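In my numbering, the protein residues as written are 290 to 568.
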């Protein structure tokens, strides 16, 4: 059986992606945990390589906040920001093909024992509900009127899940949880400004995976998004954004398909991009 690796945020670091692929076993498969593009030196090269891997049956790519940002820019709903490096995609002859492929990527993946998302999972969601919520978002992105969703995607409210939520408010909460969340209250109220370490959230807020009685606490989660955590391996959460785009590393870890992280899972790392603006 081929080994399967979860891989942290690439963020357009095509040279690091190329180096990692050389170090992974030839027949291995890969799950990329989102933020495939942006901030790195070659977002176009990264996206093309990931698309080829997915179409060859070797990889799948979850969407992150930077990937949704690219979709919104492509749709004419947002402008590029100072650190963005997606112009190469916007000017590419295969732009439409790449964007269509990106829109059809999943927001979460699971084999029933492990769960993979970009950022986090709300404490009220169990594994099944997480997948169902992700599928609601996937349906909106793949629909012919997807630009209407993207136009209503941004915003920090509502900041708490209610099963009675409908329409774009419901999709916005799902989007924010899966692609932006780091801290929340024990009751699941999300906060979006804090980006530092585990102990640096605002008063009353804790890291989402430390919420007592979180409904996915018996599921092994693989996530990216939170680069200040580095490689974090807790008994039920493995965080893999190791700051590739900020001079850190691009990290892959063999997935414990049984849902139990034995601490023996192989870790493979390559050097990241020495961003000229990193502190």
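For every residue, glycine included, the Cβ atom is placed at its ideal position computed from N, Cα and C. Computed from a predicted model, the values in this text were never measured in an experiment.
Check, Outcome
"Here's the rule: buried if 16 or more other CB atoms are within 10 angstroms of the residue's CB, otherwise exposed. What is residue 311?", "exposed"
"Report buried or exposed for residue 558, applying the criterion of at least 16 other Cβ atoms within 10 angstroms of its Cβ.", "buried"
"Quick check: what's the CA-CA separation for residue 356 versus residue 303?", "15 Å"
"Going by other Cβ atoms of all chains shown within 10 Å of its Cβ, with 16 needed for buried, is residue 431 buried or exposed?", "exposed"
"So what does DSSP say about residue 321, is it helix, strand or coil?", "strand"
"Locate the beta strand (DSSP E) running through residue 235, then write down its first and last residues.", "Nothing can be reported for residue 235, as the shown portion of the chain is limited to 290 through 568."
"Can you check the segment 340-396 for any alpha helix (DSSP H) of at least 4 residues that lies completely inside it and give the ranges in chain order?", "354-363, 376-379 and 384-392"
"For residue 290, count the other beta carbons within 10 Å of its own beta carbon; 16 or more makes it buried, fewer makes it exposed. Which is it?", "exposed"
"Are residue 529 and residue 517 close, meaning C-beta to C-beta below 8 Å?", "no"
"What's the C-alpha gap between residue 563 and residue 297?", "17 Å"
"Would the beta-carbon of residue 403 fall within 8 Å of that of residue 468?", "no"
"According to DSSP, is residue 299 helix, strand or coil?", "coil"
"At a cut of 8 Å, does the segment 470-480 reach the segment 492-512 through at least three beta carbon pairs?", "yes"
"How big is the Cα-Cα spacing for residue 500 and residue 462?", "18 Å"
"Would you mind sorting residue 568 into buried or exposed? The rule is 16 or more other CB atoms within 10 Å of its CB.", "With a pLDDT of only 49 at residue 568, under the threshold of 50, the placement of this residue in the model should not be trusted; the figure read from the coordinates follows. Answer is exposed; the Cβ neighbour count stays below 16."
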